[in-house]
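Below: one structure, written as structure tokens.
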Amino acid sequence: TDEGSGENGFIVDQDLIFKGLESNFLVTFTHDFSDDIRSSLLLGNQVTSGSWESNRMYGENLQFPHDTHISNAQENFSVSNSLSRDRNIGVFGEFKVDFYNKLFVSITGRNDWLSKMPNNKSVFYPSVSIAYDLKEDLFKTSNKVSFAKLRLSYAQVGTGLSRTITNKLGRASGFPWDGIGGYEYSDTKIDPNIKPQLKKGWEIGADVRFFNNRLRMDYSYFNDKITKSIFGVATPSSTGYTQLWRNAGEYTTYGHEIALSGDIIKNDDFSFTINYTFDTYDGKVTSLPDDVPYIDFLSPDPDPTGARIYLQPREGDKIGAIYGYLSNRTEDGQLILDSNGLPTTDFDNLLQVGDATPDFTMGFGNTIKWKDLRFNFLFEWKKGGDKYTWTRYVTNRFGSSQYTMQFRQGDTYVFDGVMEDPDNPGSYIPNTTEVDTSPTSSALYGLFNNTANWRRNAEVLLQDASWVKLRNISLSYSLGENIHGIKFIDDIKMEVSANNILLWTPFDGYDPEGTDYSAGNPGLAAFTGRGIPLTESYTFGITFNF
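Letter by letter, the sequence shown follows residues -17 to 528 of my numbering.
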């Protein structure tokens, strides 16, 4: 069924159960080659196993309002369950050397055996990092530079298939004939020769502090290259499968991170500190096999009735490239309307319609302390980045979104655009056709619910996901020396704080910072609307120190 399309609402009742077990065994050795050269060696073994179970019931057409029991649904019932397991075994080691408390070197190596990989289960990945304290050699006599450290690192990380990807058998209703149930293989196939995906990256950075640590700066640049990228590649149905999971393609990610802080005022009774952060990142698809047109990072609605918004960058594209369909327009950009005065969508051309990667993320905060009273706050700003929200997709179809409200201010609406001149085919005339938008009309419902119209139009579904928010604000007071008569208590601290209480955004829907996918997924920034919205939180606490 087309989920959410039924009248009178629908219910999803789902239980998600996770069971996990992790075992770690660590051995550490230390050895001093001299008073100035010290070393340590860490050896370890890790075993992790987990099971993920989902039990789901779905039903539509609710009989009674506000009754959320599944039995309140009257039609289109469906029940499903799934269970996936994995187990990974790893051995690792880390060797550290400290030279004269100036030069710090760390070398690591790890080998994992991944249960979800069909044959090539083993993957080895090393790393090396170097940090050098510049203070003694370059700024020993400086009164301005109080600390300076340069760091450089190179690392590899190996990952395998997701636990949800499998060649398993499944029940097939109505198969093989006459409604008799049977079993069939998943239409997803895993390449038996698939190898673990590798991320090879390097990073350089510096930590510099000035004026007796009153002014602090930390900067990093990173550059990662992902090789043997694992993703699903569309295959002809004649093969018996629609998707093949394989190694296909390479892409890079890179970015800058800056953190600045300074004590503007600092004395025994009063201090004022400013904190500032700035980070930006991007990436590019650098190579694809000849038979792979794009990297399919994420396609949230693969069904033909879905939104048709895809995170599918081609070779040379940025990794945040979003593809979709746009409205038919004239060469000078005017909207082309049909004979009924309604917009049309060009489904013959799949185009890049947006970029999920934000331009930057910035943070600004202050901490003010007067005697035993402390106040601090943090604002954050994310600029740019396009995002598709499933919430708008669904609410548009039923006229309950803010976006559709603009078309329902009266009983008629005239779209700004042109339509083909019936007396002169191939040329256009200004649109003057009034569309019936009264409560009893189905014109807008057809526009937003018909798959041939705006239901799958990226101009309607994609939004600018920029935001500014008050991330945190807090006030605390420490009694300290003001405690009298209680000898066994050294201090009592009271604190009140709030998180995510103010938000400014052009995004239509709930907080655009929310996402449907886990961290590390390139689709993280592109899709939202199916998960639990981010929430405000308020806390009050009292801490006793004895």
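Even glycine gets a Cβ: it sits at the ideal position worked out from N, Cα and C.
- Collapsing the DSSP output to three states places N527 in a strand.
- Apart from the 5 residues on each side of it in sequence, T146 sits with its Cβ closer than 7 Å to the Cβ of S66 in its chain, given in chain order.
- Counting only the Cα atoms, G513 lies some 15 Å from I(-7).
- By the Cβ test, the region 206 to 221 is not in contact with the region 312 to 320, since fewer than three Cβ pairs between them sit closer than 8 Å.
- Annotation: the continuous beta strand (DSSP E) that includes E232 extends over 232 to 248.
- Rounded to whole angstroms, the separation of the alpha carbons of D119 and L134 is 18 Å.
- Note on D368: 16 or more other CB atoms within 10 angstroms of its CB, so buried under the neighbour-count rule.
- Out of F357, R311, D341, the CA that lies nearest to the CA of I411 is found in R311.
- Following the DSSP letters along the chain, one finds K117 inside the alpha helix (DSSP H) bounded by residues 117 to 120.
- Scanning its chain for C-beta atoms nearer than 7 Å, with the 5 sequence neighbours on each side dropped, one finds around K1 the residues G32, S33, in chain order.
- For E297, the secondary structure class from DSSP, reduced to helix, strand or coil, is coil.
- Excluding sequence positions up to five before and after N102, its CB lies within less than 6 Å of the CB of K177, all in the same chain and listed in chain order.
- When the beta-carbon positions are compared, I291 and L96 stay at least 7 Å from each other.
- Taking C-beta atoms as the reference points, N229 and K210 count as a pair closer than 7 Å.
- Distances from the CA of K171 to each of N27, N205, Q225 were compared; the closest alpha carbon is that of Q225.
- Residue burial is scored here from C-beta neighbours: I162 has fewer than 16 other C-beta atoms within 10 angstroms and is therefore classed as exposed.
- In the structure shown, the three-state DSSP call for V450 is strand.
- Counting along the chain, F81 sits inside the beta strand (DSSP E) bounded by residues 55 to 81.
- Under the DSSP assignment, T371 falls outside any alpha helix (DSSP H), being part of the beta strand (DSSP E) whose first and last residues are 368 to 371.
- If the five residues before and after F357 are omitted, its C-beta is found closer than 6 Å to the C-beta atoms of I350, L457, all from its own chain and listed in chain order.
- Residue nearest to F528 within the set L516, D472, Y40, R69 is D472 (criterion: CA-CA distance).
- Look at I52 here: in three-state DSSP terms it is helix.
- By the C-beta density criterion, Q445 is buried, having at least 16 other C-beta atoms within 10 angstroms.
- Using a C-beta cut-off of 8 Å, the region 324 to 344 makes contact with the region 296 to 303, since at least three inter-stretch Cβ pairs fall below that distance.
- It is roughly 12 Å from the alpha-carbon of Q294 to the alpha-carbon of K266.
- In this structure, the straight-line span from the alpha carbon of F397 to that of K364 is close to 33 Å.
- S219 sits in a helix when the DSSP states are folded into three classes.
- Taking a 10 Å sphere around the C-beta of N406, we find fewer than 16 other C-beta atoms and assign the residue as exposed.
- Short of 6 Å from the beta carbon of L324, and not among the five residues preceding or following it, lie these beta carbons of its own chain, in chain order: L429.
- About 6 Å separates the beta carbons of N435 and T327, which is inside the 8 Å limit, making them a contact pair.
- DSSP places Q391 outside both helix and strand once states are collapsed to three, so it counts as coil.
- Contact between T521 and S479 holds, since their C-beta atoms are separated by about 5 Å, short of 8 Å.
- Here the region 61 to 78 lies against the region 18 to 30, with 3 or more beta-carbon pairs under 8 Å apart.
- No Cβ-Cβ contact shorter than 7 Å links L333 with E297.
- According to the DSSP assignment, A440 belongs to the alpha helix (DSSP H) that extends over 440 to 443.
- Shown here, N378 sits in a helix according to DSSP, grouped into three states.
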